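Accompanying notes for the structure given below.
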Amino acid sequence: MTNKEFQGTEIAKVLGSIYGSMIILAAVMLFLSSLFSGLNIDIQVRVFTLFWLIAFMISLLGAELARNLHKSGFGMIGFLGFLVLNYFLVVFLMAVYADMLDPTVGSTAIGMTLVYVVVAAIGYIASVLWVLRDWLKSRGN
17 MTNKEFQGTE IAKVLGSIYG SMIILAAVML FLSSLFSGLN IDIQVRVFTL FWLIAFMISL
77 LGAELARNLH KSGFGMIGFL GFLVLNYFLV VFLMAVYADM LDPTVGSTAI GMTLVYVVVA
137 AIGYIASVLW VLRDWLKSRG N
């Protein structure tokens with residue numbers, strides 16, 4: 017194993033641990049959402065905004081982790097499967113969280129979830145194109 021390959025696997029380990037921690041944080045916030053639903057509407061919106069930012073961090077870390085795993089020898093199908101799994105995991109977490117909030121906050125939460133869906137899809141498409149370009153370059157050599 018060369019030094020560059022070793023460095024890639026070490027980066028993937030660090031990204032994987034941060035990614036796992038963010039998933040646990042999102043799960044804890046989802047578990048505590050019943051407590052947040054009884055609070056003031058302004059606080060509910062702020063908590064959902066925090067959850068929304070955590071969802072974006074999970075998406076960014078997941079995309080970078082998938083790219084590093086692909087560099088370390090993860091196949092193209094595994095890379096795409098990981099991205100799709102990550103995307104749906106976060107979308108469903110946000111949908112469940114938005115559903116648990118007060119109905120007066122629901123329209124804001126659903127709108128923010130839709131913004132996430134569109135922006136994350138664009139980011140994932142860019143990540144797939146980037147990895148596909150690198151993969152085609154490596155196959156051409």
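According to my numbering, the sequence shown is numbered sequentially starting from 17. All C-beta atoms, glycine included, are put in the ideal place defined by N, C-alpha and C. Please read these numbers as outputs of a predicted model, since none were measured by experiment.
Residue i lies in the alpha helix (DSSP H); which residues open and close that run?
{"i": "Phe72", "result": "57-87"}
{"i": "Ala50", "result": "A small fix is needed here, since residue 50 is Ser in this sequence, not Ala. Start and end: 49-52."}
{"i": "Phe90", "result": "Unbroken run through Phe90: none, as it is neither H nor E."}
{"i": "Leu145", "result": "119-156"}
Assuming residue i and residue j are in contact, meaning their beta carbons sit under 8 Å apart, how far apart are those beta carbons, in whole angstroms?
{"i": "Leu81", "j": "Gly139", "result": "About 14 Å; that fails the 8 Å criterion."}
{"i": "Val121", "j": "Phe72", "result": "Wrong, their Cβ atoms sit about 19 Å apart, outside the cutoff."}
{"i": "Phe95", "j": "Val147", "result": "6 Å"}
Can the beta-carbon of residue i be found less than 8 Å from the beta-carbon of residue j?
{"i": "Met116", "j": "Ser37", "result": "no"}
{"i": "Leu46", "j": "Ile70", "result": "no"}
{"i": "Arg83", "j": "Ser143", "result": "yes"}
{"i": "Ile172", "j": "Ile74", "result": "With the chain covering only 17 through 157, there is no way to say anything about residue 172."}
{"i": "Leu77", "j": "Tyr35", "result": "yes"}
{"i": "Ala28", "j": "Leu85", "result": "yes"}
{"i": "Ala111", "j": "Thr129", "result": "yes"}
Would a check of beta-carbon distances place residue i closer than 8 Å to chain D?
{"i": "Gly122", "result": "No chain D appears in this structure, which consists of one protein chain only."}
- Task: Flag this pair as touching only if the segment 105-113 and the segment 54-61 have three or more C-beta atom pairs under 8 Å; answer yes or no.
- Result: Because the criterion of three Cβ pairs below 8 Å is not met, the segment 105-113 and the segment 54-61 do not touch.
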